[in-house]
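Before any comments, here is the structure.
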């Protein structure tokens, strides 16, 4: 099984890193590494993440890391990270419509 990141998810990580880096560049890098590692770990048990409540789809799951939600879609041969965002924010419409 392979892990892929959508362009949206990659942009999300970059935005998170930039936001945190304003106060602490080292912490920003560590947070992005943690989020990437969390997604990588999902390859071992892809259905262990909870179903995304806003979508109620078996194939779209999420993992929580700190205040962030890592949302991914499960396929037979791959996981695709769709978005990463702070948990207090509304679920992104751009992902809901995929």
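In the working numbering, the protein residues as written are 678 to 775. We treat Cβ as the ideally placed atom computed from N, Cα and C, and that holds for glycine. Remember, predicted model here, so these are calculated numbers, not experimental data.
By the Cβ test, the stretch 707-716 is in contact with the stretch 732-750, since at least three Cβ pairs between them sit closer than 8 Å. In this structure, residue 712 sits near residue 761, with a CB-CB distance shorter than 7 Å. Shown here for residue 697: same chain residues with a beta carbon closer than 8 Å to its own, the five before and five after excluded, namely 704, 705 and 708 in chain order. Closest in C-alpha terms to residue 758, from the list 767, 733 and 726, comes 726. With respect to residue 680, residue 740 sits apart: the two C-beta atoms are not nearer than 7 Å.
The beta carbon of residue 683 is closer than 7 Å to those of 757, 758 and 759 in its chain, skipping five residues each way along the sequence.
In chain order, 741, 744, 745 and 746 place their CB closer than 8 Å to the CB of residue 764, counting only its own chain and leaving out the 5 sequence neighbours on each side. DSSP places residue 753 outside any alpha helix (DSSP H), giving it a letter other than H or E. Under DSSP, residue 768 forms no beta bridge with any residue.
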